[in-house]
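Some notes on the structure that comes next.
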Amino acid sequence: MEYNFREIEAKWQQYWAENQTFKAENKSDKPKFFVLDMFPYPSGAGLHVGHPLGYIASDIYARYKRHKGFNVMHPQGYDSFGLPAEQYAIQTGQHPAVTTAANVKTYRKQLDKIGFSFDWSREVRTSDPNYYKWTQWIFIQLFNSWYNKTSDKAEDVSTLVSIFEAEGNETVKAACDDEIEVFSAEDWKNYSEEEKQNILLKYRLTFLSETEVNWCPGLGTVLANDEIVNGVSERGGHAVVRKKMMQWSMRITAYAQRLLDGLGKIDWPQPLKDSQTYWIGRSEGAMVSFNVDGFDAKIDVFTTRPDTVYGVSFMTLAPEHELVSKITTAEQKEAVETYVKATSKRSELERMADVKTISGVFTGAYALHPFTGEKVQIWIGDYVLASYGTGAVMAVPCGDERDYAFANHFGLDIPNIFEGIDISEEACSVKEGVKIANSDFLNGLTYKKAMKTIIYEIEKRGIGYGKINYRLRDAVFSRQRYWGEPFPVYYKNGLPQMIDKEYLPIVLPEVEKYLPTEDGKPPLGNATVWAWDVVKNEVVSNDEINNETIFPLELNTMPGWAGSSQYFNRYMDPQNNEDIFSEEAVNYWQDVDLYIGGSEHATGHLLYSRFWQKFMFDKGIVPVDEYAKKLINQGMITGTSAFVYRIEGENKFVSKGLIGDLKVQPIHADVSFVNGSDELDIDAFKNWRAEYNDAEFITEEDGTFKVGREVEKMSKSKYNVVNPDQICEEYGADSLRLFEMFLGPLEQSKPWKTSGISGVYSFLKKLWKLYIVNGEFSVTDEAPTKDELKTLHKTIKKVEDDIANFSFNTSVSTFMIAVNELTALKCNKRTILEPLAVIIEPYAPHIAEELWNKLGNTTSVSCADFPIFEPEHLVESEKEYPVSFNGKMRFKILLPLDLSKQEIEDIVMAHEKTAAQLQGRTPKKVIIVPGKIINIVG
RNA sequence: GCCUCGAUGGCGGAAUAGGUAGACGCGCUGGAUUCAAAAUCCAGUUCUUUCGGGAGUGUGGGUUCGAUUCCCACUCGAGGUACCA
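Residue numbers (our numbering): 189 to 1126.
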């Protein structure tokens, strides 16, 4: 009876599907456990062996938790809106929904072959109207909310309106647009409805605002930063300019502090937390106002070092700063305008790449130092960014490297305000251990004291206030794309109106072309049926727009991260059509217990989803404000590319070992042509491409042809992609699962080399053989021996420890050791082999089901209890002590474990090998750690 | 530049409270079985050696009876980030 994985795996995959073995109920006496994977984008290329790595790990964990008595939810779905499908549509005219559906089908087939314990009844697809209905709904919730800094949470806009009606906006502390005019309750009452709506828009958590985008006139579209290479579009190399557009934004900045604080209570990888912390970029400092000499104007600056204010010798504004044109003197006008113009032409990327060049222009105007009253020059320089802080800095050249370089370059003053510090070569930017000098009342103070004192003074004199600033920007939420969620928004007199929940979803309209319109409108501008009828409450033809009852709908769509920001909660109750999920479901499942996915989402998906969760928490929709207790980043699996070497100028290939001094050109060969010994299947290579049909091959003496190997990213173009389907076909899903784990630690990146899989494959065959006697499946009911029990319990303990530490690679080794030992012991006993099948099940579920079934069980092994570890089986009476001399192990000695230190020392010192090692010397010291080691020093 | 992670045989990796470095697997070498091959099984496989031993976890220091493990400095590699006032 052979181990026939093809038959076994097909049989159990069918069984699981038919019996819905992994369907999780929303009610259970068991404790809940929610295991989540980052759902995939279904690309046309299908899965390669790198993709399932995290899914296998989470599946092992989910299956283990089921054995431990948990009600486990392990769902899967598709992040099915996205650019590739849209680009394919532009090129071929195929509707993205059609290609996406086909890709999803391929993915599902591939995933099914690997034997995951997914609860497919909970599948979600972000591009499914029944799903994005709720993405639209959350958008509306955000629109109807404002952030009250006093209660420190999001509240309904109605509470804001009540305040406006009672006392105007002066007392309101809100996260809102800058520069909102102060109005009284009386003013509010007198405002027109339109004026009121315009004001409210400045407070809403999602709002319209003018934002700068990378506009590419050549392509008629907006580009993401990573679509721009060297200042031109990646596709086609067209010019890109900065352009302001009215777009939806999300007020994530309102949550900056809470997003930061929340990191303290979740068990996520430190590097990931660090990058979110850095991204949020909290800095403490002060806002200080500088009056402009001779103008009724002031420059506000944010500074983290208000304690160095006496070191200010000039100011620098961003070239885009609104005051620039106002304060520039006639003499400087031309120079300033030229500089401003030159800057606007440089893309942000160019400005960033060019760190070395120092440039700037004097405006001719002066600011008045708020403490000394001295006149300081006002410059503009492109090292100051309009988008951070106030777009202006107070320059303290002695304390800031960039200010120092700028001052040096333009010959500006560099006053020293640090006690006993030499600043003739470089600025001094350290805070600790430096005392302030030449600064009036700050003299002699250290950083901390000076900060306190100066902020107190600044506030007392009314020239500013202490402030915490964040690097985090509000997130632009509009995309000029077709294949994304449409907004549930129409425009009345240019003001956005939300569509009522009962009429959702607003379904993506059909268009002729997926490109932007000729007049530069987003692709939805091509739709002819895209207007909202407020009487019929449905989408109607654009021809009917009368701006009285029928209005134009929003033409932008939502970004990729919209659909992924709440999908984990929707899994709890995915078919609910009345609510995003029932209260009952969310109160049962609460949050994600384990989330596995790639670290590339650190500051995108993983930050935005935390933001939405906090918002939903504020609104009482979800019970917890952090949705994932524990998160693990899986590492990348890289490919091991194969190279053949062609002699330059000839159609002749030379085996790697014979290259010598020959001038050769390395060429990627498909890794499927190469065996485990790095030998090329020459015929397969010849047949690969016509140009190689007649190629000559110089082989090694034994007739083999060796290739070179190199680790690179797995990619089609490098011909190193390995398809999991092929592996499942050749070795089976259980081998694939074991091998992916066996490669190395989950969180590290590691290279894939298919040849290694034979190790886990023969392990499975050996495991199978344990249950076979004389070619037939059979186990005995004999009592187990001490050694057999020891192997079993050692394995139980190690595997449980490994799973707790997400160290799945070492579990596989442990299984191998167990099977090797049981084979050597010729163990064929049910009491050992039955629990063994359960322990292996999370890793190799198909073979485990088959063995369990053949042992006479009628239910799935996935429901079986995990064997209980009994430590008494591991108790030892003897220990083979390593005897070290000066820390180096020299020989071993077998001793009973109950000996005292003195007894051990006496035996060891009397040993002949000890005498040989010491060669007559007297040991200075003998260290004995009972049960561990003996070390003789001397 | 900054932040983070990493570096152990020919290769992937193990050593989970500072205590036998190289578990387990691949590959390789030799042998058994076979007409032969596949498959399977057995033995060996860090380097070096005068076969006693000696050296050895990126480099250089330190702490310790003892360091892959802790501390300091550095080199190289991977990922992220970008003039953040």
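All residues carry an ideal CB built from backbone N, CA and C; glycine is no exception. Only a predicted model underlies this, so the values are computations on that prediction, with no experimental measurement involved.
Determine, using beta carbons only, whether residue 815 and residue 756 come nearer to each other than 8 Å.
Translated into positions along the first sequence, residue 815 becomes position 627. Translated into positions along the first sequence, residue 756 becomes position 568. Their beta carbons are under 8 Å apart, which means residue 815 touches residue 756 by this criterion.
Contacting residues, own chain, Cβ-Cβ under 6 Å from residue 1124 (five flanking each side not counted):
Taking the first residue of the first sequence as 1, we reach residue 1124 at position 936. Taken in chain order, the residues that qualify are 1073, 1111 and 1114.
By a C-beta neighbour count over all protein chains shown, 10 Å radius and 16 as the cutoff for buried, is residue 1082 buried or exposed?
Position 894 of the first sequence, counting from 1, holds the residue named residue 1082. Per the 10 Å Cβ criterion, exposed.
Under 8 Å between the Cβ atoms of residue 475 and residue 567?
Within the first sequence, residue 475 is the residue found at index 287, counting from 1. Within the first sequence, residue 567 is the residue found at index 379, counting from 1. Against a cut-off of 8 Å, the Cβ pair of residue 567 and residue 475 comes out as no contact.
Residues in its own chain within less than 6 Å of residue 430 by CB, not counting five upstream and five downstream?
By one-based count along the first sequence, residue 430 stands at place 242. Cβ neighbours of residue 430 beyond the five flanking positions: 400.
Cut-off 6 Å between Cβ atoms - residues of its own chain near residue 310, not counting five sequence neighbours on either side:
One-based indexing of the first sequence puts residue 310 at position 122. Closer than 6 Å at the Cβ level, and outside the excluded window around residue 310, lie 263, 759 and 762.
Can you give the Cα-Cα distance for residue 342 and residue 388, rounded to whole angstroms?
Taking the first sequence and counting its residues from 1, the one referred to as residue 342 is at position 154. Taking the first sequence and counting its residues from 1, the one referred to as residue 388 is at position 200. Going from the Cα of residue 342 to the Cα of residue 388 covers about 14 Å.
Taking the C-alpha atoms as reference points, what is the distance between residue 860 and residue 881?
As a first step, residue 860 is located in the first sequence; it is residue number 672 there, counting from the start. As a first step, residue 881 is located in the first sequence; it is residue number 693 there, counting from the start. Between residue 860 and residue 881, the C-alpha separation is close to 18 Å.
Please report the straight-line C-alpha distance between residue 221 and residue 307, rounded to a whole angstrom.
By 1-based counting over the first sequence, the position of residue 221 is 33. By 1-based counting over the first sequence, the position of residue 307 is 119. Spanning the two alpha carbons is a distance of roughly 13 Å.
Quick check on this structure: which residue in 251, 233, 226 and 191 has the alpha carbon closest to the alpha carbon of residue 209?
Taking the first residue of the first sequence as 1, we reach residue 209 at position 21. Checked all of 251, 233, 226 and 191; the closest Cα to residue 209 is 251.
Going by beta-carbon coordinates alone, are residue 266 and residue 292 separated by less than 8 Å?
As a first step, residue 266 is located in the first sequence; it is residue number 78 there, counting from the start. As a first step, residue 292 is located in the first sequence; it is residue number 104 there, counting from the start. Yes; because the gap between Cβ atoms is below 8 Å, this pair is in contact.
What's the C-alpha gap between residue 422 and residue 271?
Within the first sequence, residue 422 is the residue found at index 234, counting from 1. Within the first sequence, residue 271 is the residue found at index 83, counting from 1. Their Cα atoms are separated by approximately 14 Å.
Secondary structure, beta strand (DSSP E): runs of 3+ residues fully inside the stretch 843 to 899
852 to 857 and 884 to 886
If you drop the 5 nearest sequence neighbours on each side, which residues of the same chain put their C-beta closer than 7 Å to that of residue 527?
Translated into the one-based positions of the first sequence, residue 527 becomes position 339. 507, 549 and 568.
Taking contact to mean at least 3 C-beta pairs separated by less than 8 Å, is the stretch 769 to 779 in contact with the stretch 710 to 717?
No: fewer than three Cβ pairs fall under 8 Å.
Simplified DSSP state of residue 777, which is helix, strand or coil
Start at 1 with the first residue of the first sequence, and residue 777 comes out as number 589. In this structure, residue 777 counts as helix in the three-state DSSP scheme.
Classify residue 634 as helix, strand or coil using the three-state DSSP reduction.
If you number the first sequence from 1, residue 634 lands on position 446. In the structure shown, residue 634 sits in a strand (DSSP, three-state: E or B).
Mind reading off the beta-carbon distance from residue 174 to residue 617? Whole number of angstroms is fine, and I expect it under 8 Å.
The structure shown does not extend to residue 174, since the chain is modelled only from 189 to 1126, so the question has no answer here.
Which first and last residues belong to the beta strand (DSSP E) in which residue 437 is found?
Within the first sequence, residue 437 is the residue found at index 249, counting from 1. Run containing residue 437: 429 to 438, per the beta strand (DSSP E) assignment.
Would you tell me roughly how many angstroms separate the C-alpha atoms of residue 813 and residue 336, rounded to the nearest one?
Mapped onto the first sequence, residue 813 falls at position 625. Mapped onto the first sequence, residue 336 falls at position 148. Approximately 17 Å, taken between the alpha carbons.
Which residues in the same chain have their Cβ closer than 8 Å to the Cβ of residue 791, if we skip the five residues on either side of it in sequence?
If you number the first sequence from 1, residue 791 lands on position 603. Result list for residue 791: 463, 464 and 467, in chain order.
Do you know whose CA, among 473, 498 and 196, lies nearest residue 492's CA?
Start at 1 with the first residue of the first sequence, and residue 492 comes out as number 304. If we check each option's Cα against that of residue 492, 473 comes out closest.
Could you check where the beta strand (DSSP E) with residue 827 kicks off and where it finishes?
Counted from its first residue, the first sequence places residue 827 at position 639. Looking at the DSSP string, the run of the beta strand (DSSP E) that includes residue 827 is 825 to 835.
Assuming contact is defined by CB atoms lying nearer than 8 Å, are residue 1013 and residue 1025 in contact in what I supplied?
Mapped onto the first sequence, residue 1013 falls at position 825. Mapped onto the first sequence, residue 1025 falls at position 837. In this structure, residue 1025 does not lie closer than 8 Å to residue 1013 by Cβ.
How about residue 691 and residue 753: do their beta carbons lie closer than 8 Å?
Taking the first residue of the first sequence as 1, we reach residue 691 at position 503. Taking the first residue of the first sequence as 1, we reach residue 753 at position 565. Taking 8 Å as the Cβ cut-off, residue 691 and residue 753 do not qualify as a contacting pair.
Outcome for residue 331 when other beta-carbon atoms lying within 10 angstroms are tallied against a minimum of 16:
The residue given as residue 331 occupies position 143 in the first sequence. Buried.
Going by DSSP in three states, residue 746 sits in which element: helix, strand or coil?
Sequence index remark: in the first sequence, residue 746 carries index 558 (1-based). Residue 746: coil per DSSP, three-state reduction.
DSSP three-state call for residue 660: helix, strand or coil?
For the purposes of this step, residue 660 is taken as residue 472 along the first sequence, with counting starting at 1. Coil, per DSSP.
Using the C-alpha atoms, what's the distance from residue 998 back to residue 1103?
Within the first sequence, numbered from 1, the residue matching residue 1103 stands at position 915. Within the first sequence, numbered from 1, the residue matching residue 998 stands at position 810. Distance between the alpha carbons of residue 1103 and residue 998: 40 Å.
From what residue to what residue does the alpha helix (DSSP H) around residue 386 run?
Working through the first sequence from its first residue, we reach residue 386 at position 198. Bounds of the alpha helix (DSSP H) holding residue 386 are 381 to 389.
Do you know offhand how far residue 1061's Cα is from residue 874's?
Locating residue 1061 in the first sequence gives position 873, counting from the first residue. Locating residue 874 in the first sequence gives position 686, counting from the first residue. Looking at the two C-alpha atoms, the distance is approximately 59 Å.
Under the assumption that residue 201 contacts residue 300 (Cβ atoms under 8 Å), give the Cβ distance between them as a whole number of angstroms.
Within the first sequence, residue 201 is the residue found at index 13, counting from 1. Within the first sequence, residue 300 is the residue found at index 112, counting from 1. The C-beta separation of residue 201 from residue 300 comes to about 6 Å, placing the pair in contact by the 8 Å criterion.
Let me check understanding here. Comparing Cα to Cα, which of 359, 410, 334 and 700 lies closest to residue 393?
By one-based count along the first sequence, residue 393 stands at place 205. For the residues 359, 410, 334 and 700, the minimum Cα distance to residue 393 belongs to 334.
For residue 575, count neighbouring Cβ atoms within 10 angstroms of its own Cβ and tell me buried if that reaches 16, exposed if not.
As a first step, residue 575 must be located in the first sequence, where it is residue number 387. That one is exposed.
Residues of its chain near residue 842, where Cβ-Cβ distance is below 7 Å and the 5 sequence neighbours each way are ignored
As a working note, residue 842 is residue 654 in the first sequence. Correct list, in chain order: 833, 835, 850, 852 and 886.
Helix, strand or coil at residue 751 according to DSSP, with G and I counted as helix:
If you number the first sequence from 1, residue 751 lands on position 563. In this structure, residue 751 counts as helix in the three-state DSSP scheme.
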